[in-house]
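Trainee: Just dropping this structure here.
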Amino acid sequence: MSIAEWRQQLKLGKVSSLELVEEKLARIKKVDGKLHAFLEVTSDRARADAKRIDEARAKGQELPPLAGIPFAIKDNLCTKGVLTTCSSKMLEQFVPPYESTVTERLWNSGAVLLGKTNLDEFAMGSSTETSAFGATANPWNLARVPGGSSGGSAAAVASGECIASLGSDTGGSIRQPASFCGVVGLKPTYGRVSRWGLVAFASSLDQVGPFTTTVADSAEILQVIAGRDSRDSTCLEVAVPNYSETLNNSISGMRVGLIKECFEQNGLSDEVKKSVLESAQKLQLLGAELKEVSCPRFNDGIATYYVIAPSEASANLARYDGVKYGYRSMSTDNLSSMTTASRTEGFGSEVKRRILVGTYALSAGYVDAYYKKAQKVRTLIRNDFDNAFKQVDVLLTPTAPTTAFKVGTHSADPVSMYLSDLLTIPANLAGLPAISLPCGFDEAGLPIGMQLIGNVLEESRLLNVAHQYELEAGVMSGSPAGELIV
Amino acid sequence: MTPSKVAWEPVIGLETHVQLGTNSKIFTSASTAFGDDPNTHIDPVVCGLPGTLPVLNEKVLEYAVKAAMALNLQIAEHSKFDRKQYFYPDLPKNYQISQFDEPIAEDGWIEVEVAEKGKDTYIKKIGIERLHMEEDAGKLVHAGSDRLAGSTHSLVDYNRAGVALAEIVSMPDLRTGREAAEYASEIRRIMRYLGVSDGNMQEGSLRCDVNISVRPGPNEPFGTKVEIKNMNSFSAIQKACEYEIQRQIKAYEAGEAVIQETRLWDEAKQLTKSMRSKEGSSDYRYFPDPDLGPIEVSKELRDIWHTELPELPAEKRHRYADQFGLSQYDARVLTDEFSMAHYFERVVGAGVDPKSASNWITGDVAAFVNLQKLTYSQLPLKAEQLAEMIQMIENGVISGKIAKEILPELLTKGGSPKLIVEKRGLGMISDPEILSSIVDELLATFPTEVEAFRGGKTKLQGFFVGQLMKKTSGKADPRLANQILSKKLKA
Chain A
2 MSIAEWRQQL KLGKVSSLEL VEEKLARIKK VDGKLHAFLE VTSDRARADA KRIDEARAKG
62 QELPPLAGIP FAIKDNLCTK GVLTTCSSKM LEQFVPPYES TVTERLWNSG AVLLGKTNLD
122 EFAMGSSTET SAFGATANPW NLARVPGGSS GGSAAAVASG ECIASLGSDT GGSIRQPASF
182 CGVVGLKPTY GRVSRWGLVA FASSLDQVGP FTTTVADSAE ILQVIAGRDS RDSTCLEVAV
242 PNYSETLNNS ISGMRVGLIK ECFEQNGLSD EVKKSVLESA QKLQLLGAEL KEVSCPRFND
302 GIATYYVIAP SEASANLARY DGVKYGYRSM STDNLSSMTT ASRTEGFGSE VKRRILVGTY
362 ALSAGYVDAY YKKAQKVRTL IRNDFDNAFK QVDVLLTPTA PTTAFKVGTH SADPVSMYLS
422 DLLTIPANLA GLPAISLPCG FDEAGLPIGM QLIGNVLEES RLLNVAHQYE LEAGVMSGSP
482 AGELIV
Chain B
90 MTPSKVAWEP VIGLETHVQL GTNSKIFTSA STAFGDDPNT HIDPVVCGLP GTLPVLNEKV
150 LEYAVKAAMA LNLQIAEHSK FDRKQYFYPD LPKNYQISQF DEPIAEDGWI EVEVAEKGKD
210 TYIKKIGIER LHMEEDAGKL VHAGSDRLAG STHSLVDYNR AGVALAEIVS MPDLRTGREA
270 AEYASEIRRI MRYLGVSDGN MQEGSLRCDV NISVRPGPNE PFGTKVEIKN MNSFSAIQKA
330 CEYEIQRQIK AYEAGEAVIQ ETRLWDEAKQ LTKSMRSKEG SSDYRYFPDP DLGPIEVSKE
390 LRDIWHTELP ELPAEKRHRY ADQFGLSQYD ARVLTDEFSM AHYFERVVGA GVDPKSASNW
450 ITGDVAAFVN LQKLTYSQLP LKAEQLAEMI QMIENGVISG KIAKEILPEL LTKGGSPKLI
510 VEKRGLGMIS DPEILSSIVD ELLATFPTEV EAFRGGKTKL QGFFVGQLMK KTSGKADPRL
570 ANQILSKKLK A
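Structure follows, in structure tokens:
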């Protein structure tokens with residue numbers, strides 16, 4: 002059921018906010034032992050919030066748009082007074098004294114916090130397997146990964162543990178798990194949404210966005226979280242359009258570009274390719290014009306990303322030194338080794354790998370060949386998109402080369418894991434908005450996702466096309482893992 | 090020691106860190122107040138808590154640009170912040186937000202007046218390579234020892250972390266310790282004139298690092314550079330340079346190498362000592378800070394800020410000499426503090442002769458201000474009141490002696506000199522008729538002395554002047570009284 006439908010149910014008194022919260026808490030209790038989407042469930046707070054909203058409703062007060070809608074929040078978004086761990090031993094005990102802008106805006110809109118969700122440690126990963134607190138399973142098949150790094154937030158929505166959730170996307174961390182879990186995942190334009198309170202991984206790429214079951218829900222949530230924030234200088238001072246208003250516009254004549262390079266990937270599964278091309282046909286039926294476009298540098302995205310993101314991460318994660326907050330090693334008795342020991346013991350291996358890569362890429366003698374070169378390629382990738390958007394209105398690609406892979410598939414080979422973000426990374430490098438929405442199933446019954454990429458700040462168009470597609474294809478209903486069916 | 094045969098030339102450059110005196114920190118609203126309890130001026134941004142972001146304080150940009158303009162630097166239209174990375178617990182994020190290859194301003198100069206006892210004062214233009222903005226670090230306190238080594242544990246105070254700094258890098262144009270000290274002092278003076286920093290060296294709002302080497306002659310390549318830190322006064326800068334120049338010359342002459350290192354000035358022992366070797370120079374892994382956008386200063390803004398600049402010390406020094414005919418020394422003393430120069434100019438502006446104004450201000454007034462540790466704006470004697478007093482002397486209403494008599498009251502309480510003179514009945518007697526009758530009375534009182542004078546004992550004139558002053562309580566116009574007295578005695 003969509004947020005709009007729940008709102009109607011709540012308004013008509015068919016269900017109370019408390020009942021809705023209880024239903025979700027019960028669902029979590031039932032399935033999360035198997036899924037492990039949540040790191041912490043904030044039951045007391047959720048019940049108290051729901052009661053407050055019910056009381057306000059009973060008094061006939063005007064309620065904000067998300068009143069009583071239970072949300073799950075990726076555990077790298079700071080929530081005042083609630084543990085925010087980034088799935089790292091380093092921040093296992095970290096309780097922020099401030100609220101992230103996005104969650105503050107959700108709570109101001111009446112949303113209810115159900116709990117914090119699992120992720121790859123510091124959002125570094127594509128499977129949620131690098132979490133220091135255990136992996137999350139894919140609700141469609143528990144032996145499969147939910148994708149990552151926002152695997153917990155994707156799985157929580159897919160399994161019905163919450164109505165919507167927030168994740169963060171640095172190289173595909175919203176879209177790839179959305180694709181793997183069969184839900185809608187939106188990464189806004191870089192700067193559309195404030196990063197205040199989002200624990201930084203790669204600051205020039207990170208962006209917060211929603212996981213939902215419908216495109217309309219994504220539009221509603223973006224409406225709430227988008228817009229300028231004086232606490233984030235990279236947040237754009239551009240008016241926020243009404244995203245819901247344009248969802249039902251006709252897409253007749255909309256030019257949809259199929260990026261040639263994406264469909265020629267070696268690693269692209271035939272089933273995924275076939276499903277996305279069939280979806281393109283559906284868009285054509287709705288009046289869209291299909292056009293093949295070329296982004297010659299598209300495939301350089303992954304190499305570029307794995308220089309820039311670790312470089313920024315190596316600096317962003319330098320603050321975790323055991324001095325001020327977070328994990329402090331007790332195995333040393335002097336200042337200089339305290340930092341080394343705290344970081345050695347507090348970080349997992351993927352995080353350390355990226356810190357090392359980033360430190361190397363920024364080191365004297367290497368910075369020109371790696372970091373600065375990568376910045377140049379980043380510009381070329383952006384130029385490719387600029388050219389493409391001279392010819393088409395939106396771009397269409399598969400979200401990920403494959404459907405959800407088995408747990409442990411890429412554990413021994415980080416590069417093969419990195420390749421699962423091949424198709425999502427370029428939008429981050431170019432700062433473009435992109436959405437993943439379900440477009441079919443493979444033979445194993447696993448969801449397939451397609452990605453629409455828009456030009457800068459053209460979330461409205463993206464959501465419009467995605468919504469029209471969804472109306473045509475129907476909100477995907479599949480068969481989640483047998484163990485989760487009640 | 091035998092005198093050196095080689096004409097060693099010292100080459101000195103300064104890196105000056107100026108704390109910009111904004112109320113809040115460079116990237117957050119936490120207070121910049123000095124001297125409060127540890128960790129009372131911190132917030133999540135200062136402490137580098139996860140998820141926090143820096144936002145540039147616009148006032149810092151204004152101060153930095155104004156400082157740069159005053160140093161004749163070219164303001165960059167586009168500039169950016171970079172992250173300078175190194176691990177140290179006083180640095181909350183373990184990187185410092187600074188500016189690396191695109192500073193806010195480059196390529197400037199200042200004029201320094203080098204005055205030293207027993208030597209001719211000369212003016213020298215010193216090149217300035219760049220000015221950039223950055224955040225300050227916190228402070229570590231090592232318990233059980235004054236250094237990390239030997240301490241039982243360390244405490245960190247982040248009050249200073251995130252305070253805005255302007256780092257000003259000079260060209261290696263300085264040649265003596267005195268020049269280095271004068272340069273630093275001129276930088277401080279300019280910053281204080283602009284009101285962008287209090288330049289307090291004891292509190293660390295002005296910190297200088299000296300880079301120094303010597304070479305066997307002016308056209309020789311530079312020698313090995315040594316960095317000196319920890320100088321808390323201008324005289325310490327001078328002495329540290331002088332010590333280090335001699336140390337390096339001695340080393341070279343003894344056939345020893347000078348190694349590239351950082352040395353600390355030891356004020357108590359008056360020498361520099363090695364702190365750390367700089368051999369494998371640090372790699373700070375600079376890269377553009379992705380949390381902060383490009384810094385752009387529009388031409389409009391630059392123009393506005395430029396018009397807000399005050400007249401700077403060097404300009405004032407020149408004007409005081411050219412326009413007012415003051416000596417180089419007086420001009421220098423009067424312009425040392427903006428408030429003193431301002432006071433002086435108000436006195437002159439009231440129509441007083443600049444030299445008289447300068448004499449009174451650099452003399453009695455300055456002595457009182459320094460003794461009472463006042464600023465000129467706190468001084469009870471307002472500029473207009475001092476002007477009134479000096480004009481009373483110029484107009485013959487009071488004598489200089491009377492002026493000195495009423496000055497203590499004026500300095501401590503202020504007030505109108507005219508009223509004080511009236512109230513105390515101290516106005517000068519300059520009416521020839523009154524003075525004539527007083528002189529007549531006097532001559533009648535001392536017939537014997539008059540007789541003696543007329544008999545040739547002309548030295549007695551002094552006796553009659555003394556008696557006249559005594560009789561008039563010092564109020565007689567001395568010049569006129571003397572004239573009348575001479576005339577009547579000789580009659």
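Chains as they are written, first to last, in the numbering used here: chain A, 2 to 487; chain B, 90 to 580. We treat Cβ as the ideally placed atom computed from N, Cα and C, and that holds for glycine.
1. Compute the Euclidean distance between the alpha carbons of A:G258 and B:D132, then round it to the nearest angstrom.
2. Give a yes or no on whether 7 angstroms exceeds the smallest Cβ distance from B:F457 to chain A.
3. Since A:D422 contacts A:I303 with CB under 8 angstroms, what's their CB separation in whole angstroms?
4. Just mark B:M280 as buried or exposed, buried being the case when its beta carbon has 16 or more other beta carbons within 10 Å.
5. For B:E104, would you say it is in contact with chain A, using Cβ-to-Cβ distances shorter than 7 angstroms as the test?
6. Drop a sphere of 10 angstroms on the beta-carbon of B:Q359, count the other beta-carbons inside from all chains shown, and report buried for 16 or more, exposed for fewer.
7. Strictly by DSSP, which residues pair up with A:K117?
8. Contact defined as beta carbons within less than 8 angstroms: I believe A:G14 pairs with A:L64. What is the distance between those atoms, to the nearest angstrom?
9. Kindly confirm or deny that the stretch 313-326 of chain A and the stretch 291-301 of chain A touch, where touching means at least three C-beta pairs closer than 8 angstroms.
10. Report the option in A:A319, A:A474, A:Q224 whose CA atom is closest to the CA atom of A:T247.
11. What are the residues that DSSP puts in a beta bridge with B:D171?
12. Looking only at its chain, what residues have a beta carbon closer than 6 angstroms to the beta carbon of A:S17, apart from the 5 residues adjacent to it on each side?
13. Name the DSSP bridge partner or partners of B:F535?
14. Are A:T425 and A:Q177 touching if we call contact CB-CB under 7 angstroms?
15. Quick check on DSSP: helix, strand or coil for A:G168?
16. Just confirm the distance between the C-beta atoms of B:E149 and B:A253, as a whole number of angstroms; I'd bet it's less than 8 angstroms.
17. Could you name each continuous beta strand (DSSP E) segment of 3 residues or more that falls completely within the stretch 328-403 of chain A, going from the start of the chain to the end?
18. Select from B:L109, B:T265, B:S240 the residue whose C-alpha is nearest the C-alpha of B:V100.
19. Mind checking who B:V299 pairs with in its DSSP beta bridge?
20. Indicate the three-state DSSP secondary structure (helix, strand or coil) for B:M90 in the structure shown.
21. Does chain A have any CB closer than 7 angstroms to the CB of B:M90?
22. Taking any Cβ of chain A, which residues in the stretch 382-393 of chain B have a Cβ under 7 angstroms from it, in chain order?
23. Report yes or no: do three or more beta-carbon pairs, one from the stretch 88-100 of chain A and one from the stretch 343-357 of chain A, lie closer than 8 angstroms?
24. Check whether the Cβ of A:E105 lies closer than 7 angstroms to any Cβ atom in chain B.
25. Answer with yes or no whether the minimum CB distance from B:G140 to chain A is below 7 angstroms.
26. For chain A, is any of its Cβ atoms less than 7 angstroms away from the one on B:D179?
27. Are B:V135 and B:A226 closer than 7 angstroms when you measure CB to CB?
28. Determine contact between the stretch 447-463 of chain A and the stretch 184-194 of chain A, defined as no fewer than three beta-carbon pairs at a distance below 8 angstroms.
29. Mind checking the stretch 184-207 of chain B against chain A and listing, in chain order, the residues whose C-beta falls within less than 8 angstroms of any C-beta there?
30. Which residue comes first and which comes last in the beta strand (DSSP E) that contains B:G150?
31. List, in order along the chain, the chain B residues whose C-beta lies closer than 7 angstroms to that of A:V200?
32. Closer than 9 angstroms between beta carbons: that is the criterion. Which residues of the stretch 43-74 of chain A meet it against chain B?
33. So, at 8 angstroms on beta carbons, what are the nonlocal neighbours of B:D125 in its own chain, with the 5 sequence-adjacent residues on each side left out?
34. Please report the straight-line C-alpha distance between B:S118 and B:E389, rounded to a whole angstrom.
35. Please tell me whether A:Y191 has its Cβ less than 7 angstroms away from any Cβ of chain B.
36. So, at 6 angstroms on beta carbons, what are the nonlocal neighbours of B:K507 in its own chain, with the 5 sequence-adjacent residues on each side left out?
Mentor: The structure says:
1. As a first step, residue 258 of chain A must be located in the first sequence, where it is residue number 257. As a first step, residue 132 of chain B must be located in the second sequence, where it is residue number 43. Going from the Cα of A:G258 to the Cα of B:D132 covers about 48 angstroms.
2. Numbered from its first residue, the second sequence carries residue 457 of chain B at position 368. Chain A, which has no Cβ nearer than 7 angstroms to the Cβ of B:F457, makes this no.
3. Here residue 422 of chain A is taken as the residue at index 421 of the first sequence, counted from 1. Here residue 303 of chain A is taken as the residue at index 302 of the first sequence, counted from 1. So it is a contact: roughly 7 angstroms between Cβ atoms.
4. Stepping through the second sequence from its first residue, residue 280 of chain B is reached at position 191. Counting Cβ neighbours within 10 Å, B:M280 comes out buried, since at least 16 surround it.
5. Here residue 104 of chain B is taken as the residue at index 15 of the second sequence, counted from 1. Judged by the 7 angstroms Cβ criterion, B:E104 is not in contact with chain A.
6. Within the second sequence, numbered from 1, the residue matching residue 359 of chain B stands at position 270. The residue is exposed, with fewer than 16 neighbouring Cβ atoms inside 10 Å.
7. In the first sequence, counting from the first residue as 1, residue 117 of chain A sits at position 116. A:E41, A:I74.
8. As a position in the first sequence, residue 14 of chain A is number 13, starting the count at 1. As a position in the first sequence, residue 64 of chain A is number 63, starting the count at 1. Not really, about 13 angstroms apart at Cβ, beyond 8 angstroms.
9. no
10. Looking up residue 247 of chain A in the first sequence gives position 246. It is A:Q224 whose Cα lies nearest to the Cα of A:T247.
11. Taking the first residue of the second sequence as 1, we reach residue 171 of chain B at position 82. The partner list for B:D171 (beta bridge, DSSP) reads B:S187, B:P377.
12. One-based indexing of the first sequence puts residue 17 of chain A at position 16. These residues qualify, in order along the chain: D55.
13. For the purposes of this step, residue 535 of chain B is identified with residue 446 of the second sequence, where counting begins at 1. Answer is none; B:F535 lacks a bridge partner.
14. For this step, residue 425 of chain A is matched to residue 424 along the first sequence. For this step, residue 177 of chain A is matched to residue 176 along the first sequence. A contact, by the Cβ cut-off of 7 angstroms.
15. Here residue 168 of chain A is taken as the residue at index 167 of the first sequence, counted from 1. Strand, per DSSP.
16. Position 60 of the second sequence, counting from 1, holds the residue named residue 149 of chain B. Position 164 of the second sequence, counting from 1, holds the residue named residue 253 of chain B. In the sequence as presented, Glu is not what sits at residue 149 of chain B; that position holds Val. Their Cβ separation, rounded to whole angstroms, is 4 angstroms, which keeps B:V149 and B:A253 in contact under 8 angstroms.
17. 395-399
18. Position 11 of the second sequence, counted from the first residue, corresponds to residue 100 of chain B. Looking at the Cα atoms, B:T265 is the closest of the given residues.
19. Within the second sequence, numbered from 1, the residue matching residue 299 of chain B stands at position 210. B:V299 pairs with B:L103, B:I317.
20. Start at 1 with the first residue of the second sequence, and residue 90 of chain B comes out as number 1. Caution is warranted here: a pLDDT of 48 is assigned to B:M90, below 50, making its placement in the model unreliable, and no coordinate value can be reported.
21. The residue labelled residue 90 of chain B in the question sits at position 1 within the second sequence. Because the pLDDT at B:M90 is just 48, under 50, the model does not fix this residue reliably, and the point stays unresolved.
22. G382
23. yes
24. In the first sequence, the residue the question calls residue 105 of chain A occupies position 104. With 7 angstroms as the cut-off, A:E105 does not count as an interface residue toward chain B.
25. Locating residue 140 of chain B in the second sequence gives position 51, counting from the first residue. Output row for B:G140: interface = yes.
26. To locate residue 179 of chain B, count along the second sequence from 1; it is residue 90. Judged by the 7 angstroms Cβ criterion, B:D179 is not in contact with chain A.
27. By one-based count along the second sequence, residue 135 of chain B stands at place 46. By one-based count along the second sequence, residue 226 of chain B stands at place 137. No, these two residues do not count as a Cβ contact at 7 angstroms.
28. yes
29. Y184
30. Against the second sequence, residue 150 of chain B aligns to sequence position 61. The residue you asked about is not Gly; residue 150 of chain B is Leu in the sequence shown. Segment 147-159 is the alpha helix (DSSP H) holding B:L150; no beta strand (DSSP E) there.
31. Locating residue 200 of chain A in the first sequence gives position 199, where the first residue counts as 1. Chain B residues near A:V200: P139, G140.
32. none
33. For the purposes of this step, residue 125 of chain B is taken as residue 36 along the second sequence, with counting starting at 1. So the list reads N248, once near-sequence residues are dropped.
34. For this step, residue 118 of chain B is matched to residue 29 along the second sequence. For this step, residue 389 of chain B is matched to residue 300 along the second sequence. Going by the C-alpha atoms only, they are around 26 angstroms apart.
35. Within the first sequence, residue 191 of chain A is the residue found at index 190, counting from 1. Chain B, which has no Cβ nearer than 7 angstroms to the Cβ of A:Y191, makes this no.
36. Indexing the second sequence from 1 puts residue 507 of chain B at position 418. Excluding sequence neighbours, B:K507 sits near nothing in its chain.
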